[in-house]
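As given, the protein sequences belong to chains Y and G, one line each in that order. Here my numbering is used: position 89 in the first sequence is 89, and no number is missing along the way. Here my numbering is used: position 103 in the second sequence is 341, and no number is missing along the way. Glycine residues also receive a C-beta, built at the ideal position from the N, C-alpha and C atoms. Remember, predicted model here, so these are calculated numbers, not experimental data. Worksheet: the structure to be examined is printed underneath.
There are 2 protein chains.
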Amino acid sequence: MSADRDREEQIQMAWRHNAAPWVQAVRNHTIESRVRVTDAAIVDTVLGDQPQTVLDVGCGEGWLCRALQAHGIATLGIDMEPALVAAAKAAAPGHDYRTTEYRHITTALGHHRFDLAVCNFSLLGDQSVAQLLEALGSLVTLGNRNLIIQTLHPHSAFGSSAYKDGWRAGSWQGLGKRFGEAAPWYFRTLGSWVALLHTHRWSIHQLHEPLDETTGRPASLIIHARRQAPAGDPTEVK
Amino acid sequence: MSADRDREEQIQMAWRHNAAPWVQAVRNHTIESRVRVTDAAIVDTVLGDQPQTVLDVGCGEGWLCRALQAHGIATLGIDMEPALVAAAKAAAPGHDYRTTEYRHITTALGHHRFDLAVCNFSLLGDQSVAQLLEALGSLVTLGNRNLIIQTLHPHSAFGSSAYKDGWRAGSWQGLGKRFGEAAPWYFRTLGSWVALLHTHRWSIHQLHEPLDETTGRPASLIIHARRQAPAGDPTEVK
């Protein structure tokens with residue numbers, strides 16, 4: 001097993017072992033930056049696009065789906081962790097949530113199409129993210145191909161390391177002692193995010209940097225991309 | 239006179255009063271970050287596009303034009319400061335340099351078209367930059383519409399101020415005592431750069447963040463944009 005594959009599996013295991021405290025942390029509004037800035041920022045950005053259908057990739061316990069449902073949007077939430085999907089279903093009966101790994105997303109949702117896909121702090125890996133960005137291209141509606149990603153801001157997140165792509169040690173910073181071991185995550189520079197999206201034919205539409213007024217700095221980076229559909233590309237129409 | 243207009247004029251005056259030491263600083267390789275990282279970064283990015291003709295906006299004493307001429311590229315350098323243009327001309331006889339303010343660029347160059355426009359640390363103002371970005375759209379070749387901007391990296395440059403657009407005091411940091419008063423400059427967040435370009439129909443193609451290996455941080459931000467040409471837009475073909 002490659003080192004990359006190994007780390008992708010550590011991510012999966014960390015969520016498996018920490019699903020219960022995570023549901024509590026989100027529902028008790030424990031994560032300050034989310035409460036103060038980033039929850040509202042992602043909801044506002046999605047609503048600004050006026051989608052009727054949204055795919056929430058890495059939906060976790062489902063808060064974002066519920067927030068969008070409250071605005072009349074049809075949501076489908078996917079997550080690789082069954083306990084999180086179960087919590088999401090229990091909190092919003094009648095809405096659609098599914099357990100699937102990102103690499104199986106096309107098979108799992110092949111017949112579905114969405115106005116918009118959103119990934120809210122849910123792109124943690126290296127190759128798994130590249131594969132997902134490719135797969136999402138076939139899951140958003142032709143002519144209305146939107147992708148919104150909220151992630152740690154590369155320029156807030158690189159800390160004392162050099163500003164270079166690579167795996168970093170994770171932490172459940174400030175979330176209390178109910179959490180076990182944290183997963184590694186793959187750091188990408190801003191330029192690498194743009195290049196990766198470009199490789200998979202997503203062009204940058206806007207970059208939002210929601211400001212945390214208490215620090216005077218961006219609390220996150222929100223990438224708003226549109227799928228490029230080159231004229232006459234036969235892979236575009238299936 | 240508005241505060242903005244006033245500051246745009248201060249920029250012009252600062253270059254007027256400091257043209258001579260600036261020519262010396264560039265030609266004596268005094269500006270460390272340029273020598274170490276950003277000069278090569280902008281040349282490489284331009285060459286990567288394989289342009290035959292380049293408009294160098296804010297060419298100063300002309301080093302970038304000369305570097306591109308050495309690769310067989312036809313250049314036209316413009317700058318608002320006559321002393322800098324004179325220095326550029328003297329160093330590269332037979333090549334084209336013109337004195338013009340950015341707001342007169344369309345009138346000055348109306349019949350010219352370029353494969354690529356490059357702005358190397360030359361976008362210092364607020365409204366003047368917005369006007370320029372609009373004007374440049376009509377000066378790059380249809381079907382090969384490229385713009386490359388190198389600027390202070392917003393995430394290195396905001397220092398102790400809040401991360402918000404606005405005028406900042408300038409300095410000739412580390413350039414010695416031959417320099418007089420520095421000009422103010424307009425700080426833009428990363429998101430604001432992308433939004434401003436989008437407003438003027440430039441879409442982000444790539445973002446480069448040339449790394450300064452001595453600090454482990456980006457020495458600048460290079461924005462590589464392409465002009466969007468919506469099908470059937472009558473303003474596109476003149």
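Residue i vs residue j beta-carbon contact at 8 Å
i: residue 280(G); j: residue 378(G); result: no
i: residue 223(Y); j: residue 442(G); result: no
i: residue 369(G); j: residue 242(G); result: no
i: residue 165(Y); j: residue 145(Y); result: no
i: residue 88(Y); j: residue 61(Y); result: yes
i: residue 81(Y); j: residue 19(Y); result: yes
i: residue 116(Y); j: residue 149(Y); result: no
i: residue 371(G); j: residue 434(G); result: yes
i: residue 429(G); j: residue 208(Y); result: yes
i: residue 50(Y); j: residue 74(Y); result: no
i: residue 458(G); j: residue 390(G); result: yes
i: residue 120(Y); j: residue 84(Y); result: no
i: residue 444(G); j: residue 194(Y); result: yes
Local conformation of residue i per DSSP, three classes
i: residue 59(Y); result: coil
i: residue 340(G); result: helix
i: residue 70(Y); result: coil
i: residue 376(G); result: coil
i: residue 413(G); result: coil
i: residue 345(G); result: helix
i: residue 211(Y); result: strand
i: residue 388(G); result: strand
i: residue 31(Y); result: coil
i: residue 334(G); result: strand
i: residue 112(Y); result: coil
i: residue 3(Y); result: helix
i: residue 144(Y); result: coil
i: residue 123(Y); result: coil
Short CB-CB distance (under 8 Å) between residue i and chain G
i: residue 9(Y); result: no
i: residue 29(Y); result: no
i: residue 97(Y); result: no
i: residue 5(Y); result: no
i: residue 140(Y); result: no
i: residue 229(Y); result: no
Extent of the continuous alpha helix (DSSP H) to which residue i belongs
i: residue 44(Y); result: 39-48
i: residue 191(Y); result: 190-199
Residue i at chain Y interface by Cβ criterion, 8 Å
i: residue 280(G); result: no
i: residue 442(G); result: yes
i: residue 273(G); result: no
i: residue 338(G); result: no
i: residue 393(G); result: yes
i: residue 264(G); result: no
i: residue 436(G); result: yes
i: residue 433(G); result: yes
i: residue 354(G); result: no
i: residue 344(G); result: no
i: residue 203(G); result: The displayed coordinates of chain G run from 239 to 476. Any statement about residue 203(G) would go beyond what the structure contains.
Integer-rounded CB distance, given that residue j should sit under 8 Å from residue i
i: residue 210(Y); j: residue 38(Y); result: 6 Å
i: residue 11(Y); j: residue 125(Y); result: 6 Å
i: residue 306(G); j: residue 284(G); result: 6 Å
Chain-ordered chain C contacts of residue i [CB-CB under 8 Å]
i: residue 401(G); result: Of the protein chains in this structure, namely Y and G, none is chain C.
Unbroken beta strand (DSSP E) run spanning residue i, endpoints
i: residue 91(Y); result: It is not in any beta strand (DSSP E) - residue 91(Y) instead sits in the alpha helix (DSSP H) that spans 82-91.
i: residue 424(G); result: 423-425
i: residue 274(G); result: Careful: residue 274(G) lies outside any beta strand (DSSP E) and carries neither H nor E.
i: residue 420(G); result: Run containing residue 420(G): none; DSSP gives neither H nor E here.
i: residue 400(G); result: Element bounds for residue 400(G): n/a, residue is neither H nor E.
i: residue 225(Y); result: 221-227
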